[in-house]
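K.L.:
My questions will all concern the structure given below.
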Ligand SMILES: Cc1cc2nc3c(=O)[nH]c(=O)nc-3n(C[C@H](O)[C@H](O)[C@H](O)COP(=O)(O)OP(=O)(O)OC[C@H]3O[C@@H](n4cnc5c(N)ncnc54)[C@H](O)[C@@H]3O)c2cc1C
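In my numbering, the protein residues as written are 559 to 831.
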């Protein structure tokens, strides 16, 4: 393992299970993700379904405190919404029987409309499913209204988007994130604040004290600043996103691009001091 080592548990399910077990010992829950996106044929989508079935069985057999998180494009959304729905339903039904919660990751904006339609169909039948909401998309407040009281994971957004559909400055994205986060706390119910941004975490902890009906969990990507976030498990519901598998390239590239951006921002800040 080279640079991917920081961001993923390993290449196999066993590595995901081992990492999850270790995190559970710290009182931290996990979201296990079998890496993969944009599958182009029925067979590879089917492979995704069987791997997630193995993940669910592993969670149950090892008594892990874990949910799963996957992308609908791994299950065929790119070429057939019907196939993605059927595949997701196979995973979610099995997970439901095993008491495992499922999150749908948010992908590039061209998939968002289809993603949410599939999600709402799944949610009509299954209580164990939630979806990511990308605050950076201009349409996110309307999407949240459509999602009603379903479990939502609020993220800033990892994909590069056109200005016509998404905010492009950090300032605008942060403003949108802050607004949606406040709405979620007011709404109550189950949701996740998924950010490493210390300013938003501070605000969220304050809002959590004021909104007792909110069942909020704080989700973090494994590899960003693990020691700092592990400590929060003493006082908050903390969840780590733990990906594994051989298809790590897209995922790791997104993390490295983010890292590069932060380094540039810190250099600019230092220059201004
Ligand atoms: C659990 C979880 C699930 C996610 N699911 C999705 C999803 O479904 N769809 C989607 O589009 N996006 C998803 N994301 C990614 C998210 O959209 C952002 O791209 C990512 O979290 C970085 O944004 P931030 O909120 O941490 O804030 P930023 O303002 O981007 O970062 C805040 C601080 O966090 C630290 N940091 C963040 N990322 C890195 C990094 N890669 N390397 C080093 N330091 C870093 C830096 O110190 C930075 O200053 C998810 C994020 C999390 C935590």
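A virtual CB, placed ideally from N, CA and C, is assigned to each residue, including glycine.
Here the structure is a predicted model, which is why all the values come from computation and not from measurement.
#1: Taking Cβ positions, are residue 531 and residue 693 nearer each other than 8 Å?
#2: Tell me whether residue 820 counts as near ligand 1, meaning its Cβ is closer than 7 Å to at least one heavy atom of that ligand.
#3: Following the continuous beta strand (DSSP E) through residue 627, name the residue where it begins and the one where it ends.
#4: What is the rounded straight-line gap between the Cα of residue 633 and the Cα of residue 740?
#5: Would you kindly work out how many angstroms separate the C-alpha atoms of residue 815 and residue 765, rounded to a whole number?
#6: Do you know whose CA, among 707, 571, 618, 577, lies nearest residue 681's CA?
#7: May I ask whether a heavy atom of ligand 1 can be found less than 7 Å away from the beta carbon of residue 636?
#8: Could you tell me whether the segment 796-805 touches the segment 584-597, where touching means 3 or more Cβ pairs closer than 8 Å?
#9: In the structure shown, what three-state DSSP assignment does residue 595 receive?
#10: Just the C-alpha distance for residue 763 and residue 818, rounded to the nearest angstrom, thanks.
#11: Give the C-beta separation of residue 642 and residue 630 to the nearest angstrom, bearing in mind that I take them to be a contact with Cβ-Cβ under 8 Å.
#12: Please determine, among 715, 769, 665, the residue with the shortest C-alpha to C-alpha distance to residue 744.
#13: Closest to residue 637 by C-alpha separation, out of 600, 687, 689, would be which residue?
#14: Please report the residue range of the alpha helix (DSSP H) in which residue 742 lies.
#15: Give the DSSP-derived three-state secondary structure of residue 566 in the structure shown.
#16: On the CB-based measure, 16 or more other CB atoms within 10 Å of its CB, does residue 778 come out buried or exposed?
#17: Got a sec, what are the start and stop residues for the alpha helix (DSSP H) residue 610 sits in?
#18: List the whole-angstrom C-beta distance separating residue 582 from residue 635, where the pair is believed to meet the contact cut-off of C-beta under 8 Å.
#19: What runs of the beta strand (DSSP E), each 3 residues or longer, lie entirely inside the segment 632-670?
#20: Determine the extent of the alpha helix (DSSP H) in which residue 710 is found, giving its start and end residues.
#21: I want to check one thing, is the minimum distance from the CB of residue 713 to the heavy atoms of ligand 3 below 7 Å?
#22: Any heavy atom of ligand 1 closer than 7 Å to the beta-carbon of residue 676?
#23: Locate the beta strand (DSSP E) running through residue 798, then write down its first and last residues.
#24: Can you tell me whether DSSP reads residue 716 as helix, strand or coil?
#25: When you compare only the Cα positions, how much space is there between residue 619 and residue 613?
#26: Measure the C-alpha to C-alpha separation of residue 711 and residue 624 and round it to an integer number of angstroms.
P.N.:
Let's see:
#1: Outside the shown range of the chain, which is 559 to 831, sits residue 531, and nothing can be said about it.
#2: Yes, since a heavy atom of ligand 1 falls inside the 7 Å radius drawn around the Cβ of residue 820.
#3: In the DSSP annotation of this structure, the continuous segment of the beta strand (DSSP E) that includes residue 627 starts and ends at 624-628.
#4: Answer to the nearest angstrom: the Cα atoms are 33 Å apart.
#5: One C-alpha to the other measures close to 31 Å.
#6: Out of 707, 571, 618, 577, 707 has the C-alpha closest to the C-alpha of residue 681.
#7: Every heavy atom of ligand 1 is 7 Å or more from the Cβ of residue 636, so no.
#8: Yes, the segment 796-805 is in contact with the segment 584-597.
#9: Residue state, collapsed to three classes: coil.
#10: So the two alpha carbons sit approximately 28 Å from each other.
#11: 5 Å between Cβ atoms; contact.
#12: Closest option to residue 744, Cα to Cα, is 769.
#13: Checking every option, the nearest Cα to that of residue 637 belongs to 600.
#14: It spans 728-745 - the alpha helix (DSSP H) in which residue 742 sits, taken as one unbroken run.
#15: In the three-state reduction of the DSSP assignment, residue 566 falls in the coil class.
#16: Burial call: buried.
#17: Its alpha helix (DSSP H) spans residues 600-619.
#18: Taking a contact as a CB-CB distance under 8 Å, the pair residue 582 and residue 635 does not count as one, their CB atoms being some 31 Å apart.
#19: Within the segment 632-670, the complete beta strand (DSSP E) runs of at least 3 residues are 660-662.
#20: First-last for residue 710: 710-713, but that is the beta strand (DSSP E), not the alpha helix (DSSP H).
#21: In the structure shown, ligand 3 is absent; the only ligands present are ligand 1.
#22: Not so, every heavy atom of ligand 1 lies at least 7 Å from the Cβ.
#23: Note, residue 798: beta strand (DSSP E), 796-802.
#24: Correct three-state label for residue 716: coil.
#25: Roughly 10 Å separates the two Cα atoms.
#26: Cα atoms of residue 711 and residue 624: separation of roughly 16 Å, rounded to the nearest angstrom.
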